[in-house]
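Residue numbers (the numbering used here), protein chains in the order written: chain R, 1191 to 1456; chain D, 449 to 609.
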């Protein structure tokens, strides 16, 4: 790791002010991606601004039909949260199959979505559930927040403070886990809103990062069942292909994972 | 440079380190606690797992500064004098190690697993929960046996306290 200057902020305002005073700063949340990347010398921020001790970024709130997870809440605390399990158990499940126990103690939902890895799990949940990303400046619909590989709508020095999820009628998530990295080789989140809209998002599949899957949405809208997806055809064009799986394999995984997710959602 | 104050195995320590110092480097290079190992150095293998405020974390994926004010327990801090921790004793009795390189991390993760699951542990749970710890010798079979054995022993020793 190259030299860096470590700062710890106690409030969001302090973090933003520290960021403004540095030349090439980065915010540090749980560090489970940023630190490995810095160790590989693929990132070399002049300053790190640690958000880990900011109390206003911690916690989960359930208020009516909206579940709000503050950005600094760790995966472990999300998994354990009675409100998450009650309102959107699919999020608790998604979190339980993300990384490994030691990573789940440190990693945070804000860190995950700010990084927007094309194979990360949370982006699929945000997109399928129609979540809203709250920052120190504004609210951004998930639709507009994720903008391709490792790219988001966040501006320099903008901090995610929370994610709000409308509580759905039904939701489910399933993924084919890469056995070594635990990332999604392909993962699909399906949701049926309380007004009957169906939204399906796939991660780990597209070359442009997390994406909606309109063909599966239409099939499930007509008939919410795994069998409804049998006849859907998913194009392999623009899907990821690597040593772990071809684009055609991932196209098929989108269908299979969607079917399993519908079964899980009930 | 920053000054990091933390408690390690019950002892208060103050260390001056470069800001880029990892927690595992503080433990091994500054405090000579070399029981915590660096295996992959890429957050995959779990040889570097220690407890921070009771939670099993990868000390190669944390800056020393992030542990400021925390209480750290390493493999050196779990035995009571000559008496092995029940998890250490179970690893010995069940031949849960061969070369031993992964063992400190395995044991620290395994203690955390038992603390979280208590008497609810079964083989499938242990295997799922140990996925952040990689062993290249044993094939995991005896490690899983040791963790299940220790879960019983830890229940007994907690009840006795």
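Note that beta-carbon positions come from the ideal geometry of N, C-alpha and C, so glycine has one too.
Bear in mind that the values here come from a model prediction, so they are computed numbers and not experimental data.
Look at the stretch 499 to 523 of chain D: the residues with a C-beta under 7 Å from a C-beta of chain R are 503, 504, 505, 506, 509, 510, 511, 513 and 514. Within 7 Å of the CB of residue 1231 of chain R, no CB atom of chain D is found; the nearest one sits about 11 Å away. For residue 1395 of chain R, the CB contacts under 6 Å within the same chain, skipping 5 residues up- and downstream, are 1376, 1429, 1440 and 1444 in chain order. Proximity to residue 1278 of chain R across R/1348, R/1254 and R/1297 peaks at R/1254, based on C-alpha coordinates. Annotated three-state conformation of residue 1424 of chain R is coil, per DSSP.
Closer than 9 Å to the CB of residue 1416 of chain R there is not a single CB belonging to chain D. Neighbours of residue 566 of chain D in chain R, taken as residues whose beta carbon is under 7 Å from its own, are absent, since the nearest beta carbon is some 15 Å off.
In the structure shown, residue 575 of chain D falls within a helical segment according to DSSP collapsed to helix, strand and coil. Excluding sequence positions up to five before and after residue 524 of chain D, its CB lies within less than 7 Å of the CB of 457, 481 and 483, all in the same chain and listed in chain order. Put simply, the CB of residue 461 of chain D is far from chain R, with every gap to its CB atoms at 9 Å or more. In this chain, the beta strand (DSSP E) harbouring residue 1366 of chain R covers 1360 to 1367. With respect to residue 1410 of chain R, residue 1301 of chain R sits apart: the two C-beta atoms are not nearer than 9 Å. Taken in chain order, the unbroken stretches of beta strand (DSSP E) that lie wholly in the stretch 456 to 512 of chain D and span 3 residues or more are 459 to 465, 497 to 500 and 503 to 506. Across the structure, residue 1194 of chain R and residue 1234 of chain R are spaced so that their CA atoms are roughly 7 Å apart. When Cβ-Cβ separations below 9 Å define contact, residue 541 of chain D makes no contact with chain R. Secondary structure note for residue 1382 of chain R: it is in no alpha helix (DSSP H), and the uninterrupted beta strand (DSSP E) holding it is 1374 to 1382. The straight-line gap separating the alpha-carbon atoms of residue 1288 of chain R and residue 1299 of chain R is approximately 11 Å.
Close partners of residue 1240 of chain R in chain D (Cβ separation under 9 Å): 511, 513 and 514. Within 9 Å of the CB of residue 584 of chain D, no CB atom of chain R is found; the nearest one sits about 13 Å away. Contacts between residue 483 of chain D and chain R, judged by CB atoms closer than 9 Å, are missing: the closest CB pair is about 17 Å apart.
Judged by DSSP in its simplified three-state form, residue 528 of chain D adopts strand. With its beta carbon at least 9 Å from every one in chain R, residue 571 of chain D lies outside the interface.
For secondary structure counted as the alpha helix (DSSP H) over 4 or more consecutive residues, the stretch 1408 to 1455 of chain R holds these complete runs in sequence order: 1437 to 1455.
Within a 10 Å sphere around the beta-carbon of residue 1294 of chain R sit 16 or more other beta-carbons, which makes this residue buried.
Within chain D, the residues 467 have their CB atoms less than 8 Å from the CB of residue 1195 of chain R, given in chain order. Boundaries around residue 1274 of chain R are those of the alpha helix (DSSP H), 1272 to 1277, since no beta strand (DSSP E) includes it.
Proximity of residue 577 of chain D to chain R, defined by a Cβ-Cβ separation below 9 Å, is satisfied.
Listed by position along chain R, the residues whose Cβ is nearer than 8 Å to that of residue 489 of chain D are 1229. The beta carbon of residue 497 of chain D sits closer than 9 Å to some beta carbon of chain R. When only Cα atoms are considered, residue 1206 of chain R and residue 540 of chain D end up about 51 Å apart. Only those residues of the stretch 1289 to 1300 of chain R whose C-beta falls short of 8 Å from the nearest C-beta of chain D are listed: 1289, 1290, 1291, 1292, 1293, 1295 and 1296. Residue state for residue 1290 of chain R is assigned as coil, using DSSP reduced to three classes.
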